[in-house]
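Below is one structure, written out as structure tokens; comments come after it.
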Ligand SMILES: Cc1cc2nc3c(=O)[nH]c(=O)nc-3n(C[C@H](O)[C@H](O)[C@H](O)COP(=O)(O)OP(=O)(O)OC[C@H]3O[C@@H](n4cnc5c(N)ncnc54)[C@H](O)[C@@H]3O)c2cc1C
Ligand SMILES: Cc1cc2nc3c(=O)[nH]c(=O)nc-3n(C[C@H](O)[C@H](O)[C@H](O)COP(=O)(O)O)c2cc1C
Ligand code: SF4
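Residue numbers (full-length UniProt numbering): 1 to 453.
Now the structure itself:
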């Protein structure tokens with residue numbers, strides 16, 4: 001009846017696409033076979049189907065409706081393929097799609113007739129154009145962090161801000177301001193950027209858009225060095241792809257890149273820039289624990305430098321997002337891992353969808369989590385921890401991984417800032433060296449520092 005009324009109002013020459021869940025994925029809910037029968041029942045009344053999964057009545061299905069990083073790209077396509085078998089109108093698949101080649105394959109294999117993207121089009125609305133022009137490597141890759149949903153999505157967000165922000169697309173949610181600024185001319189400046197992480201690279205791209213001359217210096221041998229934690233963790237593959245796309249955009253731009261070049265006061269003096277953007281990142285926070293300098297201690301925040309965690313048994317000190325993700329990654333390698341967290345909850349800083357996935361994975365791998373527990377001492381045998389009742393126990397471990405967070409590289413940043421002030425050069429710090437954050441803060445802060453120069 002609803003479809004008949006819609007058709008009546010729209011007329012025959014107006015396409016009606018029916019958005020449907022291929023399965024509600026809840027106990028007692030509509031399942032794959034029923035959805036196929038239902039689709040067949042109504043197909044004469046619609047022009048196409050658009051197939052997602054899950055139910056708005058059960059937020060637990062949200063991580064499948066918006067497939068998170070723990071799921072493969074296109075995880076819901078089989079549900080669309082099942083509907084396609086049941087009907088004779090075109091069927092669209094959606095869910096975690098972002099790679100033009102993978103999408104092309106789905107079409108070639110006739111699993112679906114069309115593909116759609118939600119978040120990836122927020123991350124980079126120019127995807128179709130870039131793919132058509134053979135520039136797929138420059139597509140800003142959605143990292144499936146859920147931050148766009150967290151602020152704006154009705155009905156889960158009690159007070160939606162109505163503006164979608166994105167971790168990898170700094171202009172998202174600010175297009176009106178950007179359009180206005182584009183009409184103002186700025187004098188060309190020489191901008192020196194210290195650090196080739198996401199903040200530094202986005203700063204370079206932002207500055208280039210406004211016609212500035214940009215020199216980007218990276219102390220290590222590769223851009224996006226800190227993000228190389230994503231090389232070894234399968235569920236961080238989206239971050240790996242995002243890093244590679246940023247590097248590709250820098251390499252194909254007019255930015256002068258100087259690798260293996262740490263920005264020093266001397267370099268600033270010689271380069272004589274109008275502005276220095278400091279994007280030198282953070283360093284692991286080292287809590288005052290006895291024995292922390294021992295050989296069996298590693299830092300989660302340095303995992304891009306030393307990837308292998310020796311031995312089978314690991315105790316992770318810190319149950320924030322970083323600690324939990326490391327615990328899951330180690331459990332996926334088959335290691336025996338325990339998380340020790342001082343407060344009463346874990347991964348508190350994660351957005352709702354991500355938090356749900358972390359909780360699910362911690363439960364799935366049966367990872368012991370000791371909340372309300374502090375590490376008192378680290379020895380060769382492992383970590384001595386104390387609970388809220390003051391009871392101490394030894395957690396035997398081959399390695400102790402400290403995941404106590406990252407702090408800005410204050411002294412190095414201040415050294416660069418002071419040099420600039422002495423020389424009358426503008427200085428601005430962005431990303432983790434300004435305030436420890438995540439990729440969103442780094443890309444947004446970096447981009448606007450460069451753009452507004
Ligand atoms: C293990 C781990 C997992 C994480 N997981 C996530 C995640 O899942 N999602 C998320 O959003 N965020 C995550 N983060 C946080 C995110 O990676 C950082 O917030 C982001 O990398 C900060 O970007 P940045 O450009 O400010 O600093 P960085 O990425 O650290 O880049 C700084 C760069 O500056 C270079 N450098 C240092 N000194 C100098 C100098 N003097 N001159 C020139 N170059 C210099 C460094 O070599 C480095 O390449 C994670 C962080 C870690 C450590
Ligand atoms: C900010 C945002 C708002 C959305 N709003 C709706 C909506 O109103 N109705 C709907 O059926 N799906 C909505 N979706 C879900 C998408 O249509 C899509 O199914 C989902 O994002 C998974 O696809 P993706 O992995 O390509 O993002 C929304 C998605 C996002 C990111
Ligand atoms: S905020 Fe995160 S999930 Fe949303 S589009 Fe951007 S990168 Fe993707």
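All C-beta atoms, glycine included, are put in the ideal place defined by N, C-alpha and C.
Per DSSP, what kind of secondary structure is residue i in: helix, strand or coil?
i	result
residue 114	strand
residue 70	coil
residue 426	strand
residue 49	strand
residue 360	helix
residue 433	helix
residue 336	strand
residue 253	coil
residue 369	strand
residue 165	coil
residue 2	helix
residue 217	strand
residue 322	helix
residue 355	helix
residue 267	helix
residue 25	coil
residue 417	helix
residue 171	coil
residue 234	helix
Can residue i be considered in contact with ligand 1, in the sense that its beta carbon sits closer than 7 Å to one or more heavy atoms?
i	result
residue 324	no
residue 461	For residue 461 there is no data in the structure shown, the boundaries of the chain being 1 and 453.
residue 225	yes
residue 142	no
residue 447	no
residue 195	yes
At what residues does the beta strand (DSSP E) containing residue i begin and finish?
i	result
residue 387	382-387
residue 374	373-379
residue 32	Note, residue 32: premise wrong, no beta strand (DSSP E); alpha helix (DSSP H) at 32-42.
residue 408	406-408
residue 282	282-284
residue 313	313-317
residue 79	Taken as a continuous stretch (DSSP letters only), residue 79 belongs to no beta strand (DSSP E), being part of the alpha helix (DSSP H) at 77-86.
residue 190	190-194
residue 396	392-396
residue 91	91-93
residue 297	297-299
Assuming residue i contacts residue j (C-beta within less than 8 Å), just tell me the rounded distance between them.
i	j	result
residue 282	residue 446	Residue 282 to residue 446, Cβ: 14 Å. No contact.
residue 346	residue 324	6 Å
residue 450	residue 191	7 Å
residue 95	residue 67	5 Å
residue 18	residue 46	4 Å
Within 7 Å: the Cβ of residue i and any heavy atom of ligand 3?
i	result
residue 201	no
residue 73	no
residue 249	no
residue 76	no
residue 406	no
residue 167	yes
residue 123	yes
Which two residues bound the contiguous alpha helix (DSSP H) that contains residue i?
i	result
residue 176	175-182
residue 450	439-451
residue 17	Residue 17 -> not in any alpha helix (DSSP H); beta strand (DSSP E) instead, spanning 17-21.
residue 400	That residue, residue 400, is in no alpha helix (DSSP H); its beta strand (DSSP E) goes 399-402.
residue 208	198-209
Tell me whether residue i, by its Cβ, gets closer than 7 Å to a heavy atom of ligand 2.
i	result
residue 148	yes
residue 67	yes
residue 114	no
residue 117	yes
residue 2	no
residue 52	yes
residue 106	no
residue 19	yes
residue 132	no
residue 164	yes
residue 96	yes
residue 120	yes
Does any residue of chain C bring its CB to less than 8 Å from the CB of residue i?
i	result
residue 37	This model lacks chain C altogether, as it is built from one protein chain only.
Next item on the list: Would you check if the segment 250-265 and the segment 353-368 touch, i.e. whether three or more CB-CB distances between them fall below 8 Å?
Entry: At 8 Å Cβ cutoff, the stretches do not touch.
Item checked: Three-pair Cβ contact test at 8 Å for the segment 26-42 versus the segment 112-123 -> With fewer than three CB-CB distances shorter than 8 Å, the segment 26-42 does not count as touching the segment 112-123.
Margin query: With three or more beta-carbon pairs closer than 8 Å as the criterion, would you say the segment 275-291 touches the segment 388-404?
Written below: Note that the segment 275-291 touches the segment 388-404; at least 3 beta-carbon pairs, one per stretch, sit closer than 8 Å.
Notebook entry, point to check: Is there contact here, the segment 310-320 with the segment 414-423, by at least three beta-carbon pairs under 8 Å?
Noted result: Contact between the segment 310-320 and the segment 414-423 is absent, because fewer than three Cβ pairs lie under 8 Å.
Checklist line | Contact the segment 380-398 vs the segment 165-172: 3+ CB pairs below 8 Å | finding: Because the criterion of three Cβ pairs below 8 Å is not met, the segment 380-398 and the segment 165-172 do not touch.
Check: Is it true that the segment 34-53 meets the segment 78-91, where meeting means three or more beta-carbon pairs spaced less than 8 Å apart?
Finding: Cβ pair count under 8 Å is three or more, so yes.
Checklist line | At least 3 beta-carbon pairs within less than 8 Å: the segment 272-281 vs the segment 197-206 | finding: Verdict: yes, contact present.
Checklist line | the segment 218-233 in contact with the segment 347-354 per 3-pair CB rule at 8 Å | finding: No, the segment 218-233 is not in contact with the segment 347-354.
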